[in-house]
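Input: a single structure, listed below in structure tokens.
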Amino acid sequence: MNEMSFLNTISSIVLSCIFLFFILSLGSSGDETDHLALLSVKKHITSYPYQIMSLWNDSIHFCNWTGIICGLRHRRVVTLDLHSCGFSGSISPAVGNLTFLTELLLENNSFTGNVPQEVGRLSRLRRLHLTNNSLSGDIPSNISQCSNLVELYLDANSFIGIIPNEFVSLTKLQHIILNFNELTGEIPKFIGNFTSLAILSGWENHFQGSIPDTLGQLSNLSYFSFSMNNLSGILPPSFFNISSLKTISLHGNQIGGNLPLDIAQRFLGLKVLNVPNNKFSGPIPLSLSNATNLEYLALNSNAFIGSVPSFSRLQRLWGFAINLNQLGNGKLDNLDFVSSLANCTDLRWLGFAHIGGNLISGTIPCEIGQLVNIGRLILHSNQFTGRIPDSIGNLRNLRVLSFRDNLLSGSIPSSLGNLTQLSALFLDSNAIEGTIPSRLSKCKGLQVLVLSRNNLSGYIPKGIFGLSSLTLGLELSDNRFVGSLPTDVGSLQNMVSLDVSNNMMSGIIPASLGSCTSLVELFMAGNHFQGEIPTSIRSLRGLEVLDLSHNNFTGRIPEYLGDFMFLNTLNLSLNGFEGKLPEEGAFKNVSTVSIYGNAKLCGGLPEFQLPKCSLGTSSRKKQIRLSFLITIPIISVLFVLIVVAACFVCILKRKKASTESSSKDGNFQQVSYQSLHEATNGFSSANLIGSGKFSYVYKAILHTKNEPQVVAVKVLKLTVHGANRSFIAECEALRSIRHRNLVKVVTCCSSLDFQGNEFKALVYSYMVNGSLEDWLHQNRVVGLNLLQRLNIVIDLAGSLDYIHHQCGSLMIHSDIKPSNVLLDTDLVAHLSDFGLARFVHPDSSTTLTSSLGIKGTIGYVAPEYGMGSKVSTYGDVYSFGILILELFTGNRPTNEMFSNSLSLHSFVKMAIPDQVMEITDPVLFKTRQEEDMARIETV
């Protein structure tokens, strides 16, 4: 080899080595860049209840960290998937340094703040999912630099402003989802250039203006939804050229115009046409009869006119609503379309109720009984005549039935008793006659029954008053019912409204009515009731309206009625009340109380214009005798008062140190089902944080007047026997108690869900650190140290002392266990779940027995409960003792090692005093260095 050849060879080797070193340097640099970026992401996450971040440590390469996927070639991060992990905190700007990232998936967490502009540096990004967080501010315009973006999910946050004009460059987008934000402005015309777009959704924002005609260029669009906005104008003609559309949802806007008569031919694959609460007019297109793929058709609350076409071919239809339009022409064939719906065997929701100016008439066809899958049948406010067909009894899945405000006659068919899932029945404002069929009492889930303003007569069946499910209301007014109010009315303990006014009923008010402690409205006017107002009515302290007018009541008007703090209407007119009119509370307000037509009343405030009460000779003698009896022991009374005052001061000092101040009103405001549905993202399993015998618990973000609040929503499993009583017990307990170591209730919900089913839930402050159960048996990486466990014992002892001795009435919790002990940010313990709690009168010689069987949880329940003993404070103390043993041994009382005669209690007892160290939880023996290391790993 000559010298020149040798030098060329050496040069090639050197250049190759330099190139290889350069490539390795680049790889090493990129590797470290991603590593540092991920550590910054971790640092910005302030809460991670599932301890995922504790696994992000240098013991393994970051490509093996949870939620991280790296590319095989460059070992750079290509996917950051942290969805549904319960994270709180903010999104680190350093995420923009993950320049190989193609997927950023952060949905279903609690991230706050703005989306960093640095996201725009992710030029390879294809999927950006930020759904269901608490992000705010404008949508970053720099996202427009992510030119490869295919999916953009920003829904369920608090974004404001407009869709950035810079997004014009994102021509590869296939999915744009912006639902449930505070966005404004118009739908940009440039979206018409996104020719690959398949999903475009902007539900529940503040978009305005008309729908741009450029959308007609989106030949691949299958889903278009901008419901609950402020859109106006008409649908542009080009919109109906998008033959690929399967879902059109524009509910709750101000869009008008006619639907094209050939709409079914234009959208051959149409499944959902949802346009209620708009300004559409003209006839319902006849071509919809041939839309065989249609599953949901909602045209209600518009201005459609004319007849309704046949839908016999729409066998996939499950939802149908045309109510609140101007349909019909007064002919007897107006209801032929109902018969055609008999072929729609999947139909679960049917509504064609209307308001004034409608002409739909005729009889309800018996074929309606063939719609066996229907869940809601709403036919009110029409001009239907004739009888209610017996075939209605075939609709076994029916939950809501309304025939109100029609011209129906005949009797109530007894076949309605077959509707065992029925929760709401409205037959009011018709000409229905006869008696209430006793079989109606078989509808055990009925929550509201309204039969007012008919020609019904006879006795009200006792079984109706035995329907404890009647929580929302029983309205029987303006009929011809006779007889007395049965004592069974006391079974309606959770009912809010009772109206039997304007009938021919008689007798006295049964004392059992005092058991209906949830009553808000009580109407008994216009009957022949007599006698005095019973003292048991004192229990109805939640009443807002009480109308006993136009009856034959006698006796004195009870003074306790003035103490009903929510009372805004009290009508006692046209009766035979006598004596002095009370002057306190509600009786101070003339606009609240009506007492005319009671000739024997006297006194009261001058505004009532009643005569002064005269004082007879015998009364004066009684007053003198009473004054004498009071004067003699006056010194003794003063002495007792001084002693009581001193004791009271001591009690106040003690309560100030241990309890929080109670609210002025023991009740708490209710929240709607819709609010909870939105707060939990439709009760998504991703938000489920716990489940018990009677309930599910979800993490939720509840939007209050001030700011979003993270809460825990406890939803009752009402199909489980005893769940309803558990809910009542918990409400009763929480309305009466306040203590720093008891879980704080925020609000509650007792309503119907979107399907008409009964729904009950309690909303609590969210405890960031979960339950004591989690810390003892799940979170073993860090665990609780000795001092923390001692503080938890002290906290629980304080809460038990409060409910047993200081809350006014003796309360027994009956279910003390680690899963019912929740820990806040500072690991302060809060006792929760009062579903089995009971109040016991302090003067009672016996305590209450359980109506739910053995009270408590196996392993924690006192042994004597299993032998039929009555519940007592000793049972709570026993359960508390078992919890303490579990707290310091780390062993559940249900551990399989405890069998036959060996229990956790006896296990500990045998170890005292020589073997205590051997049975103590090993976590307590960690050195300070080990604790510090474990804590660092979880940061």
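Residue numbers (mature numbering (1 follows the signal peptide of the UniProt record, and there is no 0)): -30 to -1, 1 to 909.
We put the beta carbon where it would ideally sit given N, CA and C, even for glycine.
Since the model is a prediction, treat every value here as computed from it, not as a measurement.
Discussion item. Between the alpha carbons of S873 and V847, how many angstroms are there, rounded?
Written reply: Mapped onto the sequence shown, residue 873 falls at position 903. Mapped onto the sequence shown, residue 847 falls at position 877. Approximately 17 Å between the Cα atoms of the pair.
Worksheet item: Would DSSP call F895 helix, strand or coil?
Response: Your numbering for residue 895 matches position 925 in the sequence shown. Three-state result, F895: helix.
Fill in: For G226: DSSP bridge partner residues
Counted from its first residue, the sequence shown places residue 226 at position 256. DSSP lists I204 and K249 as partners of G226.
Discussion item. In whole angstroms, give me the CA-to-CA distance for H709 and I698.
Written reply: As a working mapping, residue 709 is identified with position 739 in the sequence shown. As a working mapping, residue 698 is identified with position 728 in the sequence shown. Distance between the alpha carbons of H709 and I698: 20 Å.
Worksheet item: Which whole-angstrom value is the C-beta distance of G332 and F354, which I expect to be below 8 Å?
Response: Taking the first residue of the sequence shown as position 1, residue 332 is located at position 362. Taking the first residue of the sequence shown as position 1, residue 354 is located at position 384. With 8 Å as the limit, G332 and F354 qualify as a contact, their Cβ atoms being about 7 Å apart.
Item to complete: Mark K684 as exposed unless 16 or more other C-beta atoms lie within 10 angstroms of its C-beta, in which case mark it buried.
Response: Along the sequence shown, read from residue 1 onward, the residue named residue 684 stands at position 714. By the 10 Å Cβ count, K684 comes out buried.
Fill in: Exposure of Q417, with buried meaning 16 or more beta-carbon neighbours within 10 Å
In the sequence shown, the residue the question calls residue 417 occupies position 447. Flag for Q417 reads buried.
Practice prompt. Starting from R236, follow the alpha helix (DSSP H) in both directions and report where the run begins and ends.
Written response: On the sequence shown, residue 236 is found 266 positions in, with the first residue counted as 1. From DSSP, the alpha helix (DSSP H) with R236 extends over I233 to R236.
Worksheet item: Closest by CA to residue 947, which one among C314, N657 and P246?
Response: Nothing can be reported for residue 947: it is not among the residues displayed for the chain, which extend from -30 to 909.
Worksheet item: Measuring CA to CA, which of V716, C583 and R511 is closest to residue 936?
Response: Residue numbering for the chain in the displayed model covers -30 to 909; residue 936 lies beyond these limits and cannot be assessed.
Practice prompt. Find the nearest neighbour of L442 within the set S180, K730 and S802, judged by alpha-carbon distance.
Written response: Stepping through the sequence shown from its first residue, residue 442 is reached at position 472. The shortest C-alpha separation from L442 is found at K730.
Worksheet item: Would you say the region 148 to 156 touches the region 677 to 691, given that touching needs at least three Cβ pairs under 8 Å?
Response: Not touching, per the Cβ criterion.
Worksheet item: Would DSSP call I889 helix, strand or coil?
Response: To locate residue 889, count along the sequence shown from 1; it is residue 919. Of the three classes helix, strand and coil, the one that applies to I889 here is helix, per DSSP.
Worksheet item: Whose C-alpha, out of Q87, R94 and L770, is nearest the C-alpha of D108?
Response: Stepping through the sequence shown from its first residue, residue 108 is reached at position 138. Nearest option by C-alpha distance: Q87.
Worksheet item: How far does the alpha helix (DSSP H) with Q644 in it reach, from first residue to last?
Response: In the sequence shown, counting from the first residue as 1, residue 644 sits at position 674. Where Q644 is concerned, the enclosing alpha helix (DSSP H) stretches over Y643 to A649.
Item to complete: Kindly give me the distance between the Cβ atoms of P431 and I406, rounded to whole angstroms, as I take these residues to be in contact under 8 Å.
Response: The residue given as residue 431 occupies position 461 in the sequence shown. The residue given as residue 406 occupies position 436 in the sequence shown. P431 to I406, Cβ: 6 Å. Contact.
Worksheet item: Which of the three DSSP states, helix, strand or coil, is assigned to P407?
Response: Taking the first residue of the sequence shown as position 1, residue 407 is located at position 437. Three-state DSSP puts P407 in coil, outside helix and strand.
Worksheet entry | CB contact flag (S280, S259, <7 Å) | Taking the first residue of the sequence shown as position 1, residue 280 is located at position 310. Taking the first residue of the sequence shown as position 1, residue 259 is located at position 289. By the CB criterion at 7 Å, S280 and S259 fall inside the cutoff.
Discussion item. One question on the structure: do P255 and L231 come within less than 7 Å of each other, judged by their Cβ atoms?
Written reply: To locate residue 255, count along the sequence shown from 1; it is residue 285. To locate residue 231, count along the sequence shown from 1; it is residue 261. Cβ distance < 7 Å, so P255 and L231 count as in contact.
Worksheet entry | Beta-carbon proximity list for V515, same chain, < 6 Å, skipping 5 on both sides | For the purposes of this step, residue 515 is identified with residue 545 of the sequence shown, where counting begins at 1. Excluding the 5 residues flanking it on each side, V515 has same chain C-beta neighbours closer than 6 Å at E491 and T539, in chain order.
Practice prompt. Could you name the residues of the same chain whose beta carbon sits closer than 8 Å to that of S54, not counting the 5 residues immediately before and after it, in chain order?
Written response: As a first step, residue 54 must be located in the sequence shown, where it is residue number 84. Excluding residues up to 5 positions away in sequence, E77, N78, N79 and A656 lie with their Cβ nearer than 8 Å to the Cβ of S54 in the same chain.
Fill in: Where P678 sits in the DSSP three-state scheme
Along the sequence shown, read from residue 1 onward, the residue named residue 678 stands at position 708. DSSP, read as helix, strand or coil, puts P678 in strand.
Worksheet item: With a CB to CB cut of under 6 Å and the five nearest residues on each side skipped, what residues in its chain are close to V878?
Response: Indexing the sequence shown from 1 puts residue 878 at position 908. Correct list, in chain order: L855.
Item to complete: With a threshold of 16 other CB atoms inside 10 Å of the CB of R366, please say whether the residue is buried or exposed.
Response: By one-based count along the sequence shown, residue 366 stands at place 396. Under this definition R366 is an exposed residue.
Worksheet item: Measuring CA to CA, which of F653, S60 and V713 is closest to L686?
Response: Here residue 686 refers to the residue found at position 716 of the sequence shown. Of the candidates F653, S60 and V713, the one whose C-alpha sits nearest the C-alpha of L686 is F653.
Item to complete: State the DSSP-derived secondary structure class of D533, mapped to helix, strand or coil.
Response: Stepping through the sequence shown from its first residue, residue 533 is reached at position 563. It is helical.
Item to complete: Buried or exposed for L42, please, with buried defined as at least 16 other CB atoms from any protein chain shown within 10 angstroms of its CB.
Response: Locating residue 42 in the sequence shown gives position 72, where the first residue counts as 1. Exposed, because fewer than 16 other Cβ atoms sit within 10 Å of the Cβ of L42.
Fill in: Inter-stretch contact at 8 Å, needing at least 3 Cβ pairs: the region 718 to 736 / the region 95 to 110
In the pairwise beta carbon analysis, the region 718 to 736 is classified as not touching the region 95 to 110: fewer than three pairs are separated by under 8 Å.
Item to complete: Take the Cβ of I479 as the centre, count every other Cβ of all protein chains shown within 10 Å, and call the residue buried at 16 or more, exposed below.
Response: Numbered from 1 along the sequence shown, position 509 holds the residue referred to as residue 479. Buried: at least 16 other Cβ atoms inside 10 Å.
Practice prompt. List the endpoints of the continuous beta strand (DSSP E) containing S720.
Written response: Residue 720 sits at position 750 when you count from the first residue of the sequence shown. Segment V715 to L722, the beta strand (DSSP E) holding S720.
Worksheet entry | Alpha carbon of F150 to alpha carbon of D125, nearest angstrom | As a first step, residue 150 is located in the sequence shown; it is residue number 180 there, counting from the start. As a first step, residue 125 is located in the sequence shown; it is residue number 155 there, counting from the start. Taking the straight line joining both Cα atoms gives about 6 Å.
Discussion item. Looking only at its chain, what residues have a beta carbon closer than 8 Å to the beta carbon of S509, apart from the 5 residues adjacent to it on each side?
Written reply: Sequence index remark: in the sequence shown, residue 509 carries index 539 (1-based). Within the same chain, and ignoring the five residues on either side of S509 in sequence, the residues whose Cβ sits closer than 8 Å to its Cβ are G484, S485 and T487.
Fill in: Own chain partners of L397 with C-beta closer than 6 Å, once the 5 adjacent residues on each side are dropped
Reading the sequence shown from its first residue, position 427 is the one you call residue 397. If you ignore the 5 residues before and after L397, its C-beta comes within less than 6 Å of the C-beta of F373 and L421, all in its own chain and listed in chain order.
Discussion item. Considering only the alpha carbon of each residue, which of L368, L386 and L392 lies closest to P359?
Written reply: As a first step, residue 359 is located in the sequence shown; it is residue number 389 there, counting from the start. The shortest C-alpha separation from P359 is found at L386.
Practice prompt. With a threshold of 16 other CB atoms inside 10 Å of the CB of residue 914, please say whether the residue is buried or exposed.
Written response: Residue 914 is absent from the structure shown; the chain starts at -30 and stops at 909.
Practice prompt. Locate the alpha helix (DSSP H) running through E743, then write down its first and last residues.
Written response: For the purposes of this step, residue 743 is taken as the residue at position 773 of the sequence shown. Its alpha helix (DSSP H) spans residues L742 to H747.
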